[in-house]
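Chemist: One structure, pasted below without further comment.
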Amino acid sequence: MKCECHLLATTTSGRIVLYGHSAPDDTHNIALQYNNITQWLCYEDFLALEWNVRGIDSKAYSQAHPHEDRIHLSTPSPYLCFSFHPHELIELKQLLSKAVAKLHWIETLRHAQN
33 MKCECHLLAT TTSGRIVLYG HSAPDDTHNI ALQYNNITQW LCYEDFLALE
83 WNVRGIDSKA YSQAHPHEDR IHLSTPSPYL CFSFHPHELI ELKQLLSKAV
133 AKLHWIETLR HAQN
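Here you go:
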């Protein structure tokens, strides 16, 4: 049995890897590693996380919470929250954006082959 592994995106602080295929029925086959965070996500939760992170306005958050030096981010899991400095959040946004773009490219190629 051949296990496919695709590096979707990488930075100095993290990487995102797809194991197997990105079909919505696959479960928890996308690994997000960022600083000391490792989380396995299914396809839909990964897209939801990217959407959630992309929608955060760091400046507006800082204005609304002037005494916080970190931005607190919820995840698809109701019991898990991540906290980032603004520069970390910018890097995470870029990492997730690159990964989603590559994931969509892989999906396009897979559908073209079928």
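Residue 33 is where the sequence shown starts when you use our numbering, and the numbers rise one by one after that. Beta carbons: idealized from backbone N, C-alpha and C, even for Gly.
Quick check: what's the CA-CA separation for T59 versus N68?
Modeler: C-alpha separation (whole angstroms): 23 Å.
Chemist: Here's a check: name, in chain order, each residue in its chain whose Cβ is nearer than 8 Å to the Cβ of T43, leaving out the five neighbours to either side.
Modeler: Here the set comprises E123, Q126 and L127.
Chemist: Go ahead and pull the three-state DSSP assignment for E36.
Modeler: DSSP places E36 in coil when its eight states are reduced to three.
Chemist: In three-state terms, what does DSSP make of S106?
Modeler: Note: S106 maps to strand in three-state DSSP.
Chemist: Taking the alpha-carbon positions, what's the I138 to H99 distance?
Modeler: Roughly 42 Å between the two C-alpha positions.
Chemist: Note down the Cα distance separating T70 from A144, rounded to an integer number of angstroms.
Modeler: Their backbone Cα atoms lie some 32 Å apart in a straight line.
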